[in-house]
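Asker: The sequence shown begins at 416 in my numbering and counts up one residue at a time.
Glycine included, C-beta positions come from ideal geometry on N, C-alpha and C.
Because the structure is a prediction, the values reported are computed rather than measured.
The following block contains the structure, expressed as structure tokens.
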Amino acid sequence: MKKTHIAAIAAALVASTPMAFAQAKVKVGFMLPATGTFAALGTAIENGFRLYVTEQGGKLAGREVEFVRVDDESDPAKATDNVNKLVKRDNVDVLIGTVHSGVAMAMARVAKESGTILIVPNAGADAVTGPMCAVNIFRSSFSNWQPGYAMGEVVAKKGHKKVVTITWKYAAGDESVKGFKEAFEKGGGQVVKELSLPFPGVEFQALLTEIAATKPDAVYTFFAGGGAVKFVKDYAAAGLKKTIPLYGAGFLTDGTLEAQGADADGLLTTLHYADSLGSARDNAFRLAYAKSYKLQPDVYAVQGYDAAQMLSIGMNAVKGDLKKKAEFAAALQKAKIDSPRGAFSLGKNHNPVQDIYLRQVVGKENKLVSVASKSLTDPGRGCKL
Ligand code: BEZ
416 MKKTHIAAIA AALVASTPMA FAQAKVKVGF MLPATGTFAA LGTAIENGFR LYVTEQGGKL
476 AGREVEFVRV DDESDPAKAT DNVNKLVKRD NVDVLIGTVH SGVAMAMARV AKESGTILIV
536 PNAGADAVTG PMCAVNIFRS SFSNWQPGYA MGEVVAKKGH KKVVTITWKY AAGDESVKGF
596 KEAFEKGGGQ VVKELSLPFP GVEFQALLTE IAATKPDAVY TFFAGGGAVK FVKDYAAAGL
656 KKTIPLYGAG FLTDGTLEAQ GADADGLLTT LHYADSLGSA RDNAFRLAYA KSYKLQPDVY
716 AVQGYDAAQM LSIGMNAVKG DLKKKAEFAA ALQKAKIDSP RGAFSLGKNH NPVQDIYLRQ
776 VVGKENKLVS VASKSLTDPG RGCKL
């Protein structure tokens with residue numbers, strides 16, 4: 416028999432044995448932004464994910480991990496094509512992505528149709544763990560509702576009555592403001608004006624003039640990445656920082672403080688991570704991340720790291736066989752994920768049930784002030800799981 420035939424028979428035998436999963440590589444498709452206003456967020460997520468895999472010796476459930484990547488440019492118009500490249504062209508076993516809520520919704524649609532496991536390591540689109548929820552879709556991050564709702568409670572308790580909101584006009588901005596408004600108005604406040612501009616615009620001047628003219632007690636905002644840097648600087652330059660307190664979902668000051676400098680000093684935000692948690696778990700993670708990348712980690716790095724942990728938990732439960740989706744999901748459903756943010760579990764809709772921290776910018780850090788909302792559970796409106 417020819418050598419090539421022997422090799423083919425051997426390969427077929429290996430593929431038909433239970434050991435096949437232990438031997439074949441698991442193909443992980445990263446769909447993240449590598450360009451645009453969220454580029455740094457995509458890098459931090461990938462860094463965090465890779466760090467966890469490296470800590471496991473490069474293998475999950477005995478399978479070596481192979482990575483394929485697509486730059487999604489945070490562009491919803493290209494999202495379906497981009498995710499199909501990973502699913503149909505590259506035949507990935509798992510999808511990891513993304514940052515932008517609009518892009519994530521397209522990923523969730525394709526994941527649901529194709530049955531591919533999807534772990535969302537940032538995008539908060541409420542729909543992903545709401546009406547679009549599915550047995551194979553998970554989130555390691557947050558829903559847009561969560562940090563917004565927590566901040567609504569904080570601002571109401573501070574006694575502010577009239578608030579103006581300002582954000583990008585897309586799912587993340589709209590839903591963050593909606594969560595804020597729900598809690599703030601429950602607490603007796605009123606959102607008197609909702610300002611917005613198209614994503615990823617940074618022409619804030621006219622809107623800042625409108626805020627100055629409205630004279631609210633406070634402003635609530637959602638911006639992230641490069642846009643957050645510019646907004647915080649423009650808010651201070653317009654003289655508003657001294658007269659109207661600015662509050663935000665924590666993305667406003669996460670991964671951005673080097674560039675924002677003193678203009679961010681003192682800002683209060685809510686998020687599921689802070690720079691000074693001080694737990695042994697977080698300290699070890701921060702040290703390992705700093706050693707590997709010569710950078711301090713941020714919330715995006717944590718979410719990437721935890722996406723890899725979640726994949727590992729699910730894969731161990733099914734001994735590497737990613738076709739066993741119900742068993743994969745059941746394992747995650749009962750898991751406590753040992754995150755640097757503090758251990759969390761997943762709600763029925765596969766979104767983290769987690770503490771939301773109130774943080775304050777001191778120098779180059781988002782320092783922990785208090786737990787704003789303990790074990791905050793996303794309502795998962797519209798999810799039928
Ligand atoms: C989002 O589009 O969901 C998002 C983007 C950046 C930070 C947080 C949320």
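1. Taking DSSP's pairing of strands, which residues face Ala723 in a bridge?
2. Quick one: does the C-beta of Phe646 sit closer than 6 Å to a heavy atom of the ligand BEZ?
3. Can you name, in chain order, every residue of its own chain whose Cβ lies under 8 Å from the Cβ of Asp753, other than the five neighbours on each side?
4. Which of the three DSSP states is assigned to Tyr715 in this structure?
5. In the DSSP assignment, find the unbroken alpha helix (DSSP H) run with Ile626 in it and report its ends.
6. Give the list of continuous alpha helix (DSSP H) stretches no shorter than 4 residues that lie fully inside the segment 477 to 555.
7. Could you pull out every residue in the same chain whose Cβ sits closer than 6 Å to the Cβ of His687, ignoring the five residues on either side in sequence?
8. If you follow the beta strand (DSSP E) that Ile771 is in, where does it begin and where does it stop?
9. So, helix, strand or coil for Lys442, using DSSP?
10. Between the C-alpha atoms of Lys763 and Ile552, what's the straight-line distance to the nearest angstrom?
11. From Thr671 to Ala455, what distance separates their C-alpha atoms?
12. I need the DSSP call for Cys798, collapsed to helix, strand or coil.
13. Counting pairs of beta carbons, one from the segment 496 to 513 and one from the segment 529 to 540, are three or more of them closer than 8 Å?
14. Going by C-alpha distance, which of Met566, Gly603 and Gln675 is nearest Gly641?
15. DSSP has Gly663 in a bridge; who is on the other side?
16. Return the chain-ordered list of same chain residues with a C-beta closer than 6 Å to the C-beta of Pro491, the five sequence neighbours on each side being excluded.
17. Alpha carbon to alpha carbon, how far is His765 from Leu800?
18. Touch check for the segment 592 to 599 and the segment 618 to 631: three-plus C-beta pairs under 8 Å?
19. From Thr469 to Ala705, what distance separates their C-alpha atoms?
20. In terms of residue numbering, what span does the alpha helix (DSSP H) encompassing Ala745 cover?
21. Between which two residues does the beta strand (DSSP E) carrying Asn698 extend?
22. For Lys417, is the classification buried or exposed, using 16 other Cβ atoms within 10 angstroms of its Cβ as the cut-off for buried?
23. Helix, strand or coil, according to DSSP, for Val733 in the structure here?
24. Whose C-beta lies closer than 8 Å to the C-beta of Val569 among residues of the same chain, with five residues either side of it excluded?
25. Can you grab the Cα-Cα spacing for the pair Val509 / Leu447, in whole Å?
26. Does DSSP put Leu791 in a helix, a strand or coil?
27. Going by beta carbon distance, what residues of the same chain come within less than 8 Å of Glu481, once the five residues before and after it are set aside?
28. Can you tell me the Cα-Cα spacing of Ala586 and Ala540, whole angstroms?
29. Three Cβ pairs or more, each shorter than 8 Å: is that satisfied between the segment 707 to 714 and the segment 735 to 745?
30. Indicate the three-state DSSP secondary structure (helix, strand or coil) for Thr419 in the structure shown.
31. Can we count Phe666 as close to the ligand BEZ, meaning its CB is less than 6 Å from some heavy atom?
32. Spatial neighbours of Ala423 within its chain, please: CB distance less than 6 Å, with the 5 preceding and 5 following residues excluded, ordered by chain position.
33. Should Val543 be listed as close to the ligand BEZ, given that the test is whether its C-beta is under 6 Å from any heavy atom?
34. Measure the C-alpha to C-alpha separation of Asn537 and Lys648 and round it to an integer number of angstroms.
35. Quick check: the Cα distance between Gly778 and Asp690, rounded to an integer number of angstroms?
Answerer: Reading off the structure:
1. Locating residue 723 in the sequence shown gives position 308, counting from the first residue. Paired residue(s): none; Ala723 is not in a bridge.
2. Here residue 646 refers to the residue found at position 231 of the sequence shown. Judged by the Cβ position, Phe646 fails to qualify as a neighbour of the ligand BEZ at the 6 Å threshold, every heavy atom of the ligand being at least this far.
3. Stepping through the sequence shown from its first residue, residue 753 is reached at position 338. For Asp753, where only same-chain residues beyond five positions count, the Cβ hits under 8 Å are Arg696 and Gln724.
4. Translated into positions along the sequence shown, residue 715 becomes position 300. DSSP places Tyr715 in the helix class (H, G or I) of the three-state scheme.
5. Taking the sequence shown and counting its residues from 1, one reaches residue 626 at position 211. That run of the alpha helix (DSSP H) goes Gln620 to Thr629.
6. 491 to 499 and 516 to 529
7. One-based indexing of the sequence shown puts residue 687 at position 272. Counting only Cβ-Cβ distances below 6 Å, and skipping sequence neighbours, we find Phe557, Arg756, Gln769 and Ile771.
8. Here residue 771 is taken as the residue at index 356 of the sequence shown, counted from 1. Pro767 to Val777 is the span of the beta strand (DSSP E), which, as asked, contains Ile771.
9. As a working mapping, residue 442 is identified with position 27 in the sequence shown. Residue state, collapsed to three classes: strand.
10. Along the sequence shown, one-based indexing puts residue 763 at 348. Along the sequence shown, one-based indexing puts residue 552 at 137. Cα to Cα, Lys763 sits roughly 11 Å from Ile552.
11. In the sequence shown, residue 671 corresponds to position 256, counting from 1. In the sequence shown, residue 455 corresponds to position 40, counting from 1. For Thr671 and Ala455, the distance between alpha carbons rounds to 9 Å.
12. Your numbering for residue 798 matches position 383 in the sequence shown. In this structure, Cys798 counts as coil in the three-state DSSP scheme.
13. yes
14. Numbered from 1 along the sequence shown, position 226 holds the residue referred to as residue 641. Here the closest residue by C-alpha is Gln675.
15. For the purposes of this step, residue 663 is taken as residue 248 along the sequence shown, with counting starting at 1. DSSP, once it has assigned bridges, lists Thr636 and Thr684 as partnering Gly663.
16. Looking up residue 491 in the sequence shown gives position 76. Answer for Pro491: Gly517 and Val518, listed in chain order.
17. Here residue 765 corresponds to residue number 350 of the sequence shown, with the count starting at 1. Here residue 800 corresponds to residue number 385 of the sequence shown, with the count starting at 1. One C-alpha to the other measures close to 9 Å.
18. no
19. Residue mapping note: residue 469 aligns to position 54 of the sequence shown, counting from 1. Residue mapping note: residue 705 aligns to position 290 of the sequence shown, counting from 1. Those two C-alpha atoms are separated by around 14 Å.
20. Residue numbering aside, residue 745 sits at position 330 when the sequence shown is read from its first letter. Taken as a continuous stretch (DSSP letters only), the alpha helix (DSSP H) holding Ala745 covers Lys740 to Gln748.
21. By one-based count along the sequence shown, residue 698 stands at place 283. Membership of Asn698 in any beta strand (DSSP E) is not indicated; the residue belongs instead to the alpha helix (DSSP H) covering Ala695 to Tyr708.
22. Here residue 417 is taken as the residue at index 2 of the sequence shown, counted from 1. Note on Lys417: pLDDT 48, under 50, position unreliable in the model; no value is reported.
23. The sequence position of residue 733 within the sequence shown is 318, counting from 1. Looking at Val733 - three-state DSSP - the assignment turns out to be coil, as it is neither helix nor strand.
24. Within the sequence shown, numbered from 1, the residue matching residue 569 stands at position 154. The answer, listed in chain order, is Tyr662, Leu683, Thr685, Leu773 and Ala787.
25. Within the sequence shown, numbered from 1, the residue matching residue 509 stands at position 94. Within the sequence shown, numbered from 1, the residue matching residue 447 stands at position 32. Going by the C-alpha atoms only, they are around 14 Å apart.
26. Taking the first residue of the sequence shown as position 1, residue 791 is located at position 376. In the structure shown, Leu791 sits in a strand (DSSP, three-state: E or B).
27. As a working mapping, residue 481 is identified with position 66 in the sequence shown. Same-chain partners within the cutoff: Lys440, Val441, Lys442 and Val443.
28. Within the sequence shown, residue 586 is the residue found at index 171, counting from 1. Within the sequence shown, residue 540 is the residue found at index 125, counting from 1. Taking the Cα positions, Ala586 is about 6 Å away from Ala540.
29. no
30. Start at 1 with the first residue of the sequence shown, and residue 419 comes out as number 4. Interpretation of Thr419 is limited by its pLDDT of 45, a score under 50 that renders its predicted location unreliable; the figure taken from the coordinates is listed afterwards. Thr419 falls in the helix class under three-state DSSP.
31. Along the sequence shown, read from residue 1 onward, the residue named residue 666 stands at position 251. Yes, since a heavy atom of the ligand BEZ falls inside the 6 Å radius drawn around the Cβ of Phe666.
32. Working through the sequence shown from its first residue, we reach residue 423 at position 8. For Ala423, the pLDDT reaches just 49, beneath the cut-off of 50, and the residue's location in the model is therefore unreliable, although a value from the coordinates is still provided. No residues qualify anywhere along the chain.
33. Here residue 543 refers to the residue found at position 128 when the sequence shown is read from its first residue. No; taking the cut-off as 6 Å, the Cβ of Val543 has no heavy atom of the ligand BEZ nearer than that.
34. Position 122 of the sequence shown, counted from the start, is the residue given in the question as residue 537. Position 233 of the sequence shown, counted from the start, is the residue given in the question as residue 648. Each residue's Cα considered, the two are about 24 Å apart.
35. Translated into the one-based positions of the sequence shown, residue 778 becomes position 363. Translated into the one-based positions of the sequence shown, residue 690 becomes position 275. If you take the alpha carbons of Gly778 and Asp690, they lie about 11 Å apart.
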